[in-house]
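Numbering of the sequence shown is given in full-length UniProt numbering, commencing with residue 1 and proceeding in unit increments.
Every residue gets a Cβ at the ideal spot worked out from N, C-alpha and C, and that includes glycine.
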Amino acid sequence: MLAIERKNEILSILQKEQRVLVSELSQRYNVTEETIRRDLEKLEREGFVKKTYGGAVLNKHITMDMPLKIREQTNRKEKQAIARKVASLVEEGDCMMLDSSSTSLMIAQELKKKKKLTVITNSVEVLIELAGNDGIKVISTGGNLRDSSLSLVGKSALEVLSRYNVDKAILSCKGIDIEKGITDSNEMEAEVKIGMRRSAKQTVLAADSSKMGEVFFVKVMNLKKGDILVTDKIPEEWHKKLDERGVRVVLCSAE
Numbered sequence: 001m002l003a004i005e006r007k008n009e010i011l012s013i014l015q016k017e018q019r020v021l022v023s024e025l026s027q028r029y030n031v032t033e034e035t036i037r038r039d040l041e042k043l044e045r046e047g048f049v050k051k052t053y054g055g056a057v058l059n060k061h062i063t064m065d066m067p068l069k070i071r072e073q074t075n076r077k078e079k080q081a082i083a084r085k086v087a088s089l090v091e092e093g094d095c096m097m098l099d100s101s102s103t104s105l106m107i108a109q110e111l112k113k114k115k116k117l118t119v120i121t122n123s124v125e126v127l128i129e130l131a132g133n134d135g136i137k138v139i140s141t142g143g144n145l146r147d148s149s150l151s152l153v154g155k156s157a158l159e160v161l162s163r164y165n166v167d168k169a170i171l172s173c174k175g176i177d178i179e180k181g182i183t184d185s186n187e188m189e190a191e192v193k194i195g196m197r198r199s200a201k202q203t204v205l206a207a208d209s210s211k212m213g214e215v216f217f218v219k220v221m222n223l224k225k226g227d228i229l230v231t232d233k234i235p236e237e238w239h240k241k242l243d244e245r246g247v248r249v250v251l252c253s254a255e
């Protein structure tokens, strides 16, 4: 196994388990503990982990993105269930904006089953997924490419978003807090989400339960009356508060 492959596997384990031990990784990959320590040191320099005695923990509030392929495998069943539910809320003839995330890609896969849709997106993967589908008109925002997320951001993307008025903005996020609102780790991604929300009659937030109670670097928005939150689970005490704000919560099972 190449060092880069091992590093990505370690990141994937951290996404699922939040922590790793040097001794366990050494046995798992049949390499020396010193090799694993070097892997973890590199991941720490890149900002993904924090080293601890005998191992490392995931840095949950990093300002850069985990590799997309790793994020696609994290909480996959929950994301797939959320994607199916979000797609069920989309009506024939809808015009929508869809941001860039692993959840958004799964939503796009579900939207392929529908007809007479217009999808405006800043996600390269969503563009590829929907390309060639006769029932869906696809519009790219254009913009500067972020390699880590395969997303298009910046002034050009925001200008394109501002030219359209759509039925729905289907958004994802890094964190949701009942007081702090919706947050993300990257300012440029947050700007795109804000731009999509401004252009839409309704916002649908698609987020699995691992995002609940998390607060990241950049504020995106607060959930407000008319918004829909699609998730697999929320803290019990949130139900009343969201209901008072007029936010519709749609729960779905990952089983």
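- Exposed is the label assigned to residue 246, since fewer than 16 other Cβ atoms lie within 10 Å of its Cβ.
- The three-state secondary structure of residue 18, taken from DSSP, is coil.
- With respect to residue 81, residue 253 sits close: the two C-beta atoms are nearer than 9 angstroms.
- Relative to the Cα of residue 76, the nearest Cα in the group 94, 194 and 104 belongs to 104.
- Rounded to the nearest whole angstrom, the C-alpha separation of residue 152 and residue 185 is 16 angstroms.
- Only residues of its own chain outside the window of five on either side were considered, and among them 7 have a CB closer than 8 angstroms to the CB of residue 42, listed in chain order.
- In this structure, 176 is the residue among 13, 198, 176 and 203 with its C-alpha nearest to the C-alpha of residue 218.
- Listed in chain order, the non-local C-beta contacts of residue 154 below 6 angstroms within the same chain comprise 143 and 144, local neighbours out to five positions each way being set aside.
- Excluding the 5 residues flanking it on each side, residue 156 has same chain C-beta neighbours closer than 8 angstroms at 141, 142, 143 and 144, in chain order.
- Counting along the chain, residue 43 sits inside the alpha helix (DSSP H) bounded by residues 33-45.
- Nearest to residue 212 by C-alpha distance, out of 36, 236, 170 and 13, is 236.
- The residue from 52, 244 and 49 with its alpha-carbon nearest to that of residue 223 is 244.
- Membership of residue 141 in any beta strand (DSSP E) is not indicated, and neither H nor E is assigned to it by DSSP.
- The DSSP-derived three-state label of residue 106 is helix.
- Counting of Cβ neighbours within 10 angstroms places residue 45 among the exposed residues, the total staying below 16.
- By the neighbour-count criterion, in which a residue is buried when 16 or more other Cβ atoms sit within 10 angstroms of its Cβ, residue 97 is buried.
- CA-CA distance, residue 174 to residue 33, rounds to 33 angstroms.
- When 22, 29 and 30 are compared, the shortest CA-CA separation from residue 53 is found for 22.
- Residue pairing by DSSP places residue 10 opposite no residue, since no beta bridge is assigned to it.
- Between the C-alpha atoms of residue 162 and residue 119 there is a straight-line separation of about 15 angstroms.
- A straight-line Cα-Cα distance of about 21 angstroms links residue 193 and residue 136.
- In the same chain as residue 216, and ignoring 5 residues on each side of it, the C-beta atoms closer than 7 angstroms to its own belong to 61, 174, 175, 183, 184 and 185, in chain order.
- The Cβ neighbour count for residue 134, taken over all protein chains shown within 10 Å, is under 16; the residue is labelled exposed.
- In the structure shown, residue 194 falls within a helical segment according to DSSP collapsed to helix, strand and coil.
- Contact between residue 86 and residue 206 is confirmed by a C-beta separation of about 5 angstroms, below the 8 angstroms threshold.
- For residue 228, the enclosing beta strand (DSSP E) has its first and last residue at 228-231.
- Per the coordinates, the alpha-carbon of residue 55 lies some 13 angstroms from the alpha-carbon of residue 13.
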